[in-house]
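By this note's numbering, the letter at position 23 of the sequence shown is numbered 26, and the numbering carries on one by one without gaps. Glycine is no exception: its CB is placed at the ideal position from the N, C-alpha and C atoms. The block underneath contains the structure these notes are about, expressed in structure tokens.
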Amino acid sequence: MVRPALVEAVGTLHPWTGEMAAYAFGWSRTDGTPASGASEGKGVRQALAVLGAEAAGADGRVAVAGAVAVELVHAFSLLHDDIMDGDALRRQRETVWKAYGTGPAVLAGDALFALAVQALAEAQGPHTGAAVRRLCDTLTALMRGQSEDLCFERRPWTGPDAVRLDAYRAMAEDKTGALLGCAAALGAQLAGAPAGTVAALDAAGRHLGVAFQAVDDLLGVWGDPAVTGKPVHGDLRQRKKTFPVLAALARGGAPARELAALLESDRPMAGATVTRVATLVEEAGGRAAVLAEARERLDAARSCLRGAPLAPGAVRDLEALLAVLADRAV
4 MVRPALVEAV GTLHPWTGEM AAYAFGWSRT DGTPASGASE GKGVRQALAV LGAEAAGADG
64 RVAVAGAVAV ELVHAFSLLH DDIMDGDALR RQRETVWKAY GTGPAVLAGD ALFALAVQAL
124 AEAQGPHTGA AVRRLCDTLT ALMRGQSEDL CFERRPWTGP DAVRLDAYRA MAEDKTGALL
184 GCAAALGAQL AGAPAGTVAA LDAAGRHLGV AFQAVDDLLG VWGDPAVTGK PVHGDLRQRK
244 KTFPVLAALA RGGAPARELA ALLESDRPMA GATVTRVATL VEEAGGRAAV LAEARERLDA
304 ARSCLRGAPL APGAVRDLEA LLAVLADRAV
């Protein structure tokens with residue numbers, strides 16, 4: 004339902020930025036030829052938008068413009084995120100900045116950002132203005148979350164200025180949850196749903212986002228590169244302040260103290276050192292904390308869905324989507 008409209012929107016870009024966008028979406032190689040077998044991502048956000056409309060009792064097609072917009076925003080955020088994190092691989096391929104260069108990748112991300120707002124603003128219907136305002140609010144939240152994530156890198160691992168889990172949760176809700184909440188809410192909003200229904204879907208998406216980010220952090224430490232498309236222990240090598248590491252440090256005890264000492268040392272984070280750090284994170288309870296957080300957030304998302312007057316069939320589909328996320332962590 005969404006992909007043809009997404010392809011059409013990307014086709015309106017300048018040929019060069021359009022080529023980079025097509026590569027980012029997994030549709031083509033760097034020479035512009037079709038990339039058969041390349042991953043196009045999970046499509047979670049566009050699915051949420053369509054299901055949000057169906058949950059409000061409308062035909063899912065009313066949400067296509069919203070689905071395209073959130074997918075474009077997600078793609079833009081990944082392009083820029085990969086540059087800021089220095090990640091060379093995504094979905095088992097070179098990231099756009101590695102394949103095309105940093106400047107071109109920034110430009111492609113900017114083009115997708117602008118196109119997202121345009122795609123939604125041009126949607127037909129009486130609720131377009133409110134939908135655009137929601138998307139703009141979400142973009143502001145996303146930038147706030149990304150800013151916090153980068154600021155975390157300059158803060159110490161221990162002491163009064165260390166990053167606490169509550170600060171991480173607030174960052175994750177902005178960086179990841181806001182767009183997932185926006186996706187589900189946009190579908191309902193474009194369908195003309197009552198404000199309470201829209202708010203319930205937004206809240207469910209925000210809970211999903213925190214769970215999603217925490218599980219993503221878990222996979223960044225222990226995930227299979229063949230599945231994640233990224234090197235094993237990639238986040239640890241970069242000394243990123245992720246949920247499992249912060250949770251491990253917060254638990255205290257001997258493993259947490261040794262973990263803090265290794266993180267604060269000048270020792271290169273590679274080889275036996277990074278393996279030991281991963282072991283200490285698990286021994287200190289970091290993996291268990293992620294799983295507990297994900298379960299709690301997914302339960303909260305389900306409660307939001309079940310407490311609103313939503314179409315049962317769409318709620319079942321939304322809950323199936325939550326189950327898929329839970330399965331990523333085990």
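* Please classify Pro18: does DSSP put it in a helix, a strand, or coil? => helix
* **Distance, Asp90 Cα to Leu182 Cα** => 22 angstroms
* To do: For Glu22, count neighbouring Cβ atoms within 10 angstroms of its own Cβ and tell me buried if that reaches 16, exposed if not.
  => buried
* Which residue comes first and which comes last in the alpha helix (DSSP H) that contains Val47? -> 47 to 58
* **Sub-8 angstroms separation of Arg254 and Ala287 beta-carbons** => The Cβ-Cβ distance between Arg254 and Ala287 falls below 8 angstroms.
* Asked: Cβ of Ala102 within 8 angstroms of Cβ of Thr33?
  -> A contact, by the Cβ cut-off of 8 angstroms.
* Going by the CB atoms, is the gap between Arg290 and Leu221 shorter than 8 angstroms? -> yes
* Beta-bridge partners of Arg2, as assigned by DSSP -> Residue numbering for the chain in the displayed model covers 4 to 333; residue 2 lies beyond these limits and cannot be assessed.
* Would you call the CB atoms of Asp177 and Ala144 closer than 8 angstroms? -> yes
* Span of the alpha helix (DSSP H) around Gly35 -> Careful: Gly35 lies outside any alpha helix (DSSP H) and carries neither H nor E.
* Given a threshold of 16 other Cβ atoms within 10 Å of its Cβ, counted over all protein chains shown, does Thr3 qualify as buried or as exposed? -> Residue 3 cannot be examined here, being either before or after the span of the chain that is shown, 4 to 333.
* Asked: Are the region 86 to 100 and the region 113 to 123 touching, with three or more C-beta to C-beta distances below 8 angstroms?
  -> no
* Compare the C-beta of Asp302 against all C-beta atoms of chain B and say whether one is closer than 8 angstroms. => Structure shown: chain B not included; a single protein chain is present.
* Among Gly29, Gly55, Leu82, which one has its Cα closest to the Cα of Ala317? -> Checking every option, the nearest Cα to that of Ala317 belongs to Gly55.
* To do: Could you check what DSSP says for Lys178 in three-state terms: helix, strand or coil?
  => Note: Lys178 maps to helix in three-state DSSP.
* Simplified DSSP state of Leu321, which is helix, strand or coil -> helix
* **Contacting residues, own chain, Cβ-Cβ under 6 angstroms from Ala126 (five flanking each side not counted)** => Once the five neighbours on either side are set aside, the close Cβ partners of Ala126 are Ala68.
* DSSP state of Ser306, grouped into three classes? -> The answer is helix: DSSP assigns Ser306 an H, G or I state.
* Asked: Taking C-alpha atoms, which residue in Gln49, Tyr26, Ala8 lies nearest to Leu324?
  -> Of the listed residues, the one whose Cα sits closest to Leu324 is Gln49.
* Just checking, does the region 293 to 306 make contact with the region 206 to 216 on the three C-beta pairs under 8 angstroms criterion? -> Result yes; three or more Cβ-Cβ pairs closer than 8 angstroms.
* **Collapsed DSSP secondary structure at His236 in the structure displayed** => coil
* To do: Go ahead and pull the three-state DSSP assignment for Thr282.
  => helix
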